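Colleague: Throughout, the numbering used here is defined as the position within the sequence shown, counted from one, plus 523.
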Amino acid sequence: MSDRSIALINDLRGLAAEAPWVEFKANNSDPQMIGVRISALANSARLADKHMAYLLWGIEDGTHNVVGTNFQPTQQQEQGQPLEFWLAQRLQPSVALQFKTVDHPEGRVVILEIPAATVAPVEFSRTAYVRIGSATPRLSDYPERMRALWAKLQPFAWESGIAAEFVTADDVLTLLDYPSYFELTRQPLPDNRPGIFDKLSSDRLIAPDFGGRWNILNLGAVLFAKQLDRFERLGRKAVRIVAYGGSSRADVITQRRDGQLGYASGFLGLISYINGLLPRNEHIGQALREESPMYPEIAIREVIANALIHQDMTITGAGPMIEIFTDRIEITNPGMPLIEPKRFIDLPPRSRNEALAALMRRMRICEEQGSGVDKIIHAAEVFQLPAPDFRVDGDNMKVVLFAHRSFAEMTASERIRASYQHAVLRFLIGEKLTNSSLRERLGIADQNAAQVSRIIKEAVAEGLIKVSDPESPRAGYLPYWA
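#1: Quick check on DSSP: helix, strand or coil for residue 470?
#2: Which residue marks the beginning of the alpha helix (DSSP H) containing residue 568, and which one marks its end?
#3: Please give me, in chain order, every unbroken run of the beta strand (DSSP E) with length at least 3 that falls completely inside the stretch 719 to 750.
#4: Runs of 3 residues minimum, wholly inside the stretch 638 to 712: which ones carry the beta strand (DSSP E) assignment?
#5: Looking only at C-alpha atoms, which of 918, 917 and 903 sits nearest to residue 911?
#6: Give the straight-line distance between the Cα atoms of residue 945 and residue 924, rounded to the nearest whole angstrom.
#7: Which residues does DSSP list as the beta-bridge partners of residue 627?
#8: Give every residue of the same chain whose Cβ lies closer than 8 Å to the Cβ of residue 808, excluding the five residues on either side of it in the sequence, and list them in chain order.
#9: From residue 882 to residue 792, what distance separates their C-alpha atoms?
#10: Anyone know if the C-beta pair for residue 622 and residue 632 falls short of 8 Å?
#11: Count the other CB atoms, across all protein chains shown, that sit within 10 Å of the CB of residue 538; report buried if there are 16 or more and exposed otherwise.
#12: Sorted by chain position, which residues of the same chain lie with C-beta nearer than 7 Å to residue 639's C-beta, five sequence neighbours on each side aside?
#13: Give me the Cα-Cα distance between residue 560 and residue 686, rounded to the nearest whole angstrom.
#14: DSSP beta-bridge partners for residue 577?
#15: What residue range is occupied by the uninterrupted beta strand (DSSP E) comprising residue 781?
#16: Identify every residue that forms a DSSP beta bridge with residue 855.
#17: Taking Cβ positions, are residue 578 and residue 637 nearer each other than 8 Å?
#18: On the DSSP bridge assignment, give the partners of residue 582 in chain order.
#19: Here's the rule: buried if 16 or more other CB atoms are within 10 angstroms of the residue's CB, otherwise exposed. What is residue 524?
#20: In whole angstroms, give me the CA-to-CA distance for residue 709 and residue 889.
#21: By the DSSP assignment, the alpha helix (DSSP H) with residue 964 in it spans what residues?
#22: Beta strand (DSSP E) containing residue 989: first to last residue?
#23: Classify residue 996 as helix, strand or coil using the three-state DSSP reduction.
#24: Residue 654 and residue 554 - do their beta-carbons sit closer together than 8 Å?
#25: Check the DSSP bridge columns for residue 601 and list the partner residues they point to.
#26: Which of the three DSSP states, helix, strand or coil, is assigned to residue 595?
#27: Quick one: give me the first and last residue of the beta strand (DSSP E) that residue 764 is part of.
#28: Does residue 618 come out as helix, strand or coil in the three-state DSSP assignment?
#29: In chain order, which continuous runs of the alpha helix (DSSP H) of length 4 or greater are located wholly inside the stretch 872 to 920?
#30: Counting along the chain, where does the alpha helix (DSSP H) carrying residue 944 start and finish?
#31: How do the stretch 717 to 730 and the stretch 769 to 784 stand: do at least 3 beta-carbon pairs fall below 8 Å, yes or no?
#32: Given a cut-off of 8 Å, decide if residue 741 and residue 682 are closer than it, judged by their beta-carbon atoms.
#33: Leaving out five residues before and five after residue 790 in sequence, what residues of the same chain have Cβ atoms less than 7 Å from its Cβ?
#34: Quick check: what's the CA-CA separation for residue 731 versus residue 844?
#35: For a test of the three-state rule: what should DSSP assign to residue 1001, helix, strand or coil?
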């Protein structure tokens, strides 16, 4: 930290003048002044597309010379409270401030690192401020800057946060599987370091830090880490795979693995590993025994890609989990879905991690358009599997894919869910659910049409499907929202 802090101080001193996101002081430690500056610098840093703003003591304003300071932030109190606590009570939204005391070769310097505003303008004592030149006016007095700040806040995302800071160029190439990035994005691998770093930074996988060093951003680490646990806050985001010897978590665990590769560089290996654990159906032909997968590979691929992309990355200590039972697969990712699960099939996908989703689409890891849920459900229909279950489980999203069961073995809720999903797929191609189409989907013989009629009646009663033409019930059925 000391080396980075000294490099930071020297780089900031090298600025021609105070920037909107940097301010120098000698010894002025008035708490009211500090609170106002925190608001102004945090808001101005976001306007300037900076991750961090800085307030430094011990540096002369005009000359940027190190003059030293006697400011002791950990010892100062205001109204009987420690300074940091007093400031925190008056700042909204909460700001993760960090005071650092640095023994610079030319004198003692105190740095206050202030994260740029993320979700809303930072206010001090219910007033937001901004830096204009050397002035610190109220943000509300400059509506054009207020509008610009809100525009900058909207696209701010977890992906642009820092996973590892102040790392050397060698460390970047050691920590990231950069050849995978070029292979997956179908770009030639540059024959020199500047070319490699230019491409990585243009896709916001890394960003320059101070003193010629680099920051590895969350997007770069989570997609291309050689080992996710080398990044302090991302180790628990590794994909966990657990296989059981039966249909219950009480059964013996036969396989357990925590993937450590980044999501992009490790995706194909992850899918291959999971497919190797899944049971297979055996068919005896005229001459040979033939095996076919129990689950459609396209469904496995799409549901896992969705779990990686749509998880809530801000939930610490939790990552995607894949549990394999003898009769089903459960894929869980942290975070509540942004769309009602029943509408996953037809509504455009919404992701908390737009940069992550966009890059994974470019790498053809997930659907270019849509969420791929229609492919998952269509594949289940082709394999005549029970309808996949998309549901909220506490603060998590869970998708369950079921192994083959006959119609007689399906539960009533599974039959109703299958009829709803079938109605959606039919609607998306301009057709309607009919008794005949649902019989085919469920593998029911024509003479058992009455069984299907009962399922349709129950789905209507549940409010999941409706008659397309009340005056002609035989015309077919639509999803409830159509």
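Each residue gets a CB set at the ideal place from its N, CA and C atoms; glycine is no exception.
Here the structure is a predicted model, which is why all the values come from computation and not from measurement.
Modeller: Short version:
#1: Missing from the structure shown is residue 470; the chain here goes from 524 to 1005 and no further.
#2: Per DSSP, the unbroken alpha helix (DSSP H) holding residue 568 starts and ends at 554 to 570.
#3: 729 to 731 and 737 to 740
#4: 685 to 690
#5: 903
#6: Answer to the nearest angstrom: the Cα atoms are 16 Å apart.
#7: DSSP, once it has assigned bridges, lists 630 as partnering residue 627.
#8: Low per-residue confidence applies at residue 808: pLDDT is 46, beneath 50, and the placement is therefore not dependable, though the value from the model is reported in the following sentence. For residue 808, where only same-chain residues beyond five positions count, there are no Cβ hits under 8 Å.
#9: 19 Å
#10: no
#11: exposed
#12: 565, 568, 569, 573, 574, 575 and 576
#13: 27 Å
#14: 545 and 636
#15: In the DSSP assignment, residue 781 falls within the unbroken beta strand (DSSP E) covering 776 to 781.
#16: 844 and 921
#17: yes
#18: 589
#19: The pLDDT assigned to residue 524 is 46, lower than 50, so where the model puts this residue is not dependable, and the model offers no usable value.
#20: 16 Å
#21: 958 to 965
#22: 988 to 990
#23: helix
#24: No, the Cβ-Cβ distance between residue 554 and residue 654 is not below 8 Å.
#25: 604
#26: coil
#27: 763 to 767
#28: coil
#29: 877 to 885 and 896 to 905
#30: For residue 944, the enclosing alpha helix (DSSP H) stretches over residues 935 to 951.
#31: no
#32: Yes. Within cutoff.
#33: Apart from sequence neighbours up to five positions away, the residues of its chain that approach residue 790 with a beta-carbon distance below 7 Å are 888, ordered along the chain.
#34: 33 Å
#35: strand
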